[in-house]
Amino acid sequence: MNLLLVLPLLVPLATAIATILLSRAPRAARVASFAGAAGLLAASGFLLAATLDGTILVTQAGAWPAPFGISLVADRFAAAMVVVAAVILAAVVAFSAAGIDAARERFGYHPLLHVLSMGVCGAFLTGDLFNLYVWFEVMLMSSFVLVSLGGERAQLTGALKYVVLNLVSSALFLAGAGLLYGSVGTLNMADAAVALRALPAQGLPSVVATLFLVAFGIKAAAFPLFFWLPASYHTPPMPVAALFAGLLTKVGVYALVRVLTLVFNRDPGFTSPLVLAIAGLTMVTGVLGAMAQTDVRKVLSFHIVSQIGYMLMGLGVGTRLALAGTVFYVLHHIVVKANLFLVAGVMRRVGGSFSLDRLGGLLARSPLLAAAFLVPALSLAGIPPLSGFWAKYFLVRAGLEAGHGAIVAVALGVSLLTLFSMTKIWAEAFWKPAPADGPGASAPPLSGVERASLLGPVLALCAITVAIGLGAGVLFRFADGAAAQLLDPDLYIRAVLGTRGGGG
Amino acid sequence: MTFVLALTVGVLYATGTYLLLRRGAVRVVFGLALLGYAANLLIFTAGRLVREGPPIVPPGALAPPVPSADPLPQALILTAIVIGFGVQAFALVLLKRTCQEAGTDDVDGMREEGS
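Listed in order, the protein sequences are those of chains A and B. Going by my numbering, the first sequence opens with residue 1, and the numbers climb by one from there. Going by my numbering, the second sequence opens with residue 1001, and the numbers climb by one from there.
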């Protein structure tokens, strides 16, 4: 039993239990919650350090040898995802000290955050498809409660759409897993990958692959299955929305990358154009939706959709540089997107509204907030030298090298529209003088505690964005190593199955 | 037998999809339940149907007799049923609260105020 692989699941579980027990002492619960997030960050850091040299860590739950037991596997990509998840969790918990109301804290806000993180980490680390389904459900169940916690009308109607679409996705995933078991007799990803080599690539494996593509596509909010996201992500409080925006759709992207590179990698002539078409349409529809909105939260929600397209683009192109671009993009995007939602929360606190029509004059009121918005916003649009520029640069270069000119043109055009959308928020909320009857005038200035709790995590995430931008070479070498592992499934298979899966 | 079950799975999927497309929110939740049942029955059928062959290794042997039923699909379904039960219970409560707040069970009528 390798403790490194189990700790990212045990730490959130223990923290969730501790915060439930402390629910009558909100201050202690907050401290325990933050300590748990810091613990997860430390545990994931050790996990990442152990995978840096290219080792693929594997542990078999209950010491049942694969494929009979459930394998937990961490390669570079999985370990890095766990680290970013822990970073976002820590930022959100810190933000929640002043950014969430007491009523929600009393009704299980902190335990739910940690159960959600456990589900996310489990989905990253599992090597078994049915186990992945279970982790998805753990994650979904806590997200269902988090999105509806508070019971405001807008929240409930948003939650209903979110719940229904995600349950449809789960049912399809389950059906896909059942059919896969029926055809190869295993659900261990490595074992299934070996068993599928003996079958023709067309036929039932294609059906199963398509079911997974649709199921994970709904979770990742890819075109044309993204409608639940803009309908629900703007309704919960901003720390919750930030956690969702950072992590949940990216779990879908991660599952797509894992399944298409490891298990269903034998028919790229079918999957690659399909994924590229989905990627392009996702980018375009997302960014067009964002341009039509005047609510900061909705603009940001639509941009999640559009950015998912970039991650899928790398998967569709499928070369080593493209997959490295996808890994880089996912890691950069989680930090930036969660940060933008947290910034929106501070804008609401300082300016009194989420509506661009009613906001204004925030630059004069809080120059620090303006700077904290500008860093992730410009990074999202891809302005050098911030992290988003490098992420797009690698993807565009990979696309050109592989001769996919069309998707590169779409990516660059959408990037320009993203910049337009971000400058719109900047001009309306920060530069424009505050409207005379606006709600901002009555909002009291930030207290010292609020400054530390709200701006602290935002500035920390800004610093990470700048650091990724300035140290892009270091992260790129890492992403390149992760892509090399993704492109050589035999490494993964040998690590999980031992000698039995060698060569193939 | 497999044919009958396959047909049932198809009917369940069709009914579930139809209910999901209705405007009444109660029907939508029932549609979700039917999709879940359809997936469970699909796993059961895809796991091969074997009658009167319990997968128990006789004393002295190293493997169960052939043909014997595969217990794993049933374990998967059991897990999926338990998860589905919890999720559907939550969906029903959410539905009740949403209908109370919105004053309608028409999914298209549930627009948010002021946006």
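The beta-carbon is built from N, C-alpha and C at its ideal position, and this holds for glycine as well.
Below 8 Å between beta carbons: does that hold for residue i and residue j?
i, j, result
"W228 (chain A)", "N188 (chain A)", "no"
"K337 (chain A)", "P230 (chain A)", "no"
"A16 (chain A)", "V93 (chain A)", "no"
"V335 (chain A)", "V87 (chain A)", "yes"
"L378 (chain A)", "W431 (chain A)", "no"
"A1046 (chain B)", "G178 (chain A)", "yes"
"S415 (chain A)", "I468 (chain A)", "no"
"L475 (chain A)", "A66 (chain A)", "no"
"A255 (chain A)", "A90 (chain A)", "no"
"I100 (chain A)", "P239 (chain A)", "yes"
"G36 (chain A)", "V11 (chain A)", "yes"
"I1077 (chain B)", "N1040 (chain B)", "yes"
"Y492 (chain A)", "L262 (chain A)", "yes"
"T506 (chain A)", "V396 (chain A)", "Look at the range of chain A in this structure, 1 to 504, and you will see that residue 506 (chain A) is not part of it."
"A242 (chain A)", "F341 (chain A)", "yes"
"T1079 (chain B)", "V287 (chain A)", "no"
"G158 (chain A)", "F216 (chain A)", "no"
"A309 (chain A)", "T282 (chain A)", "First, the amino acid is wrong: residue 309 (chain A) is Gly here, not Ala. The answer is yes: Cβ separation under 8 Å."
"M347 (chain A)", "A381 (chain A)", "no"
"R349 (chain A)", "A279 (chain A)", "no"
"L312 (chain A)", "A222 (chain A)", "yes"
"L172 (chain A)", "L211 (chain A)", "yes"
"N339 (chain A)", "L461 (chain A)", "yes"
"M141 (chain A)", "G1086 (chain B)", "yes"
"L446 (chain A)", "L459 (chain A)", "no"
"G352 (chain A)", "P439 (chain A)", "yes"
"G289 (chain A)", "V305 (chain A)", "yes"
"L13 (chain A)", "T59 (chain A)", "no"
For residue i, does the count of other Cβ atoms within 10 angstroms reach 16, so buried, or fall short, so exposed?
i, result
"W64 (chain A)", "exposed"
"P457 (chain A)", "buried"
"L368 (chain A)", "exposed"
"E1052 (chain B)", "exposed"
"I1056 (chain B)", "exposed"
"L174 (chain A)", "buried"
"K1096 (chain B)", "exposed"
"D128 (chain A)", "buried"
"R1023 (chain B)", "exposed"
"P236 (chain A)", "buried"
"T1002 (chain B)", "exposed"
"L412 (chain A)", "exposed"
"M291 (chain A)", "exposed"
"I1081 (chain B)", "exposed"
"D1013 (chain B)", "Inspection of the sequence shows that residue 1013 (chain B) is occupied by Tyr rather than by Asp. Its Cβ being crowded by 16 or more others within 10 Å, Y1013 (chain B) is buried."
"P1073 (chain B)", "buried"
"V410 (chain A)", "buried"
"S1115 (chain B)", "Unreliable positioning characterises S1115 (chain B) in this predicted model, as indicated by a pLDDT of 40, which lies under 50. The coordinate reading is nonetheless provided below. The residue in question, S1115 (chain B), is exposed, as its Cβ has fewer than 16 Cβ neighbours within 10 Å."
"A220 (chain A)", "buried"
"V184 (chain A)", "buried"
"G501 (chain A)", "For G501 (chain A), the predicted model reports a pLDDT of 46, less than 50, meaning its position is unreliable; a value from the coordinates is still stated below. By the neighbour-count rule (16 or more Cβ atoms within 10 Å), G501 (chain A) is buried."
"F394 (chain A)", "buried"
"L1019 (chain B)", "buried"
"G503 (chain A)", "The predicted position of G503 (chain A) is uncertain, since its pLDDT is 41 and thus under 50; a value taken from the coordinates is nonetheless stated next. With fewer than 16 Cβ atoms within 10 Å of its Cβ, G503 (chain A) is classed as exposed."
"L213 (chain A)", "buried"
Exercise. Pair every Cβ in the region 325-340 of chain A with every Cβ in the region 71-85 of chain A, then say whether three or more of these pairs are closer than 8 Å.
Key: These segments touch.
Self-check item: Interfacial residues, the region 1085-1108 of chain B to chain A, with Cβ spacing under 8 Å
Solution: Cβ proximity to chain A below 8 Å picks out G1086, V1087, F1090, A1091, L1094, L1095, R1097, T1098, E1101, A1102, V1107 from the region 1085-1108 of chain B.
Quiz item: Is the region 400-408 of chain A in contact with the region 305-319 of chain A, if contact means three or more CB pairs nearer than 8 Å?
Solution: Below 8 Å, enough C-beta pairs join the region 400-408 of chain A and the region 305-319 of chain A to call them touching: three or more.
Self-check item: Complete alpha helix (DSSP H) runs within the region 323-399 of chain A (minimum length 4 residues, chain order)
Solution: 362-365, 367-381
Exercise. Closer than 8 Å, Cβ to Cβ, to anything on chain B: give me those residues from the region 338-359 of chain A, in chain order.
Key: Using a CB distance below 8 Å, no part of the region 338-359 of chain A faces chain B.
Quiz item: Going along the region 1031-1057 of chain B in order, which residues come within less than 7 Å of chain A, judged by CB to CB distance?
Solution: For the region 1031-1057 of chain B, which is checked against every Cβ of chain A, the residues closer than 7 Å are L1032, L1035, G1036, A1039, L1042, I1043, A1046, G1047.
Quiz item: What runs of the alpha helix (DSSP H), each 4 residues or longer, lie entirely inside the region 180-233 of chain A?
Solution: 189-196, 204-220, 228-232
Quiz item: In the region 92-108 of chain A, which residues sit with their C-beta less than 8 Å from some C-beta in chain B, listed in chain order?
Solution: none
Self-check item: Whole runs of the alpha helix (DSSP H) within the region 93-151 of chain A, excluding any shorter than 4 residues
Solution: 102-106, 109-125, 129-148
Practice problem: Please list the segments of the alpha helix (DSSP H) lying wholly inside the region 226-301 of chain A, counting only runs of 4 or more residues, in order along the chain. | Solution: 228-232, 238-258, 268-291
Self-check item: Whole beta strand (DSSP E) elements within the region 51-94 of chain A, 3-residue minimum
Solution: Entirely contained in the region 51-94 of chain A, the beta strand (DSSP E) runs reaching 3 residues are, in chain order, 57-60, 71-74.
Quiz item: Relative to chain B, which residues along the region 136-150 of chain A have a C-beta separation below 8 Å, given in chain order?
Solution: E137, L140, M141, F144, V145, S148
Exercise. Closer than 7 Å, Cβ to Cβ, to anything on chain B: give me those residues from the region 164-186 of chain A, in chain order.
Key: V164, L167, V168, A171, L174, A175, G178, L179, Y181, G182
Self-check item: Against chain B: residues of the region 120-137 of chain A by CB proximity under 9 Å
Solution: F130, Y133, V134, E137
Practice problem: Give a yes or no on contact between the region 1087-1101 of chain B and the region 1024-1038 of chain B, applying the rule of three or more CB pairs nearer than 8 Å. | Solution: yes
Quiz item: Looking at C-beta atoms only, is the number of pairs between the region 1035-1044 of chain B and the region 1059-1071 of chain B that lie closer than 8 Å three or more?
Solution: no
Exercise. Run through the region 401-445 of chain A for me and flag every whole alpha helix (DSSP H) of 4 or more residues, listed as ranges in chain order.
Key: 405-425
Practice problem: Taking 8 Å as the threshold, find out whether the region 269-282 of chain A comes into contact with the region 204-217 of chain A through three or more Cβ pairs. | Solution: yes
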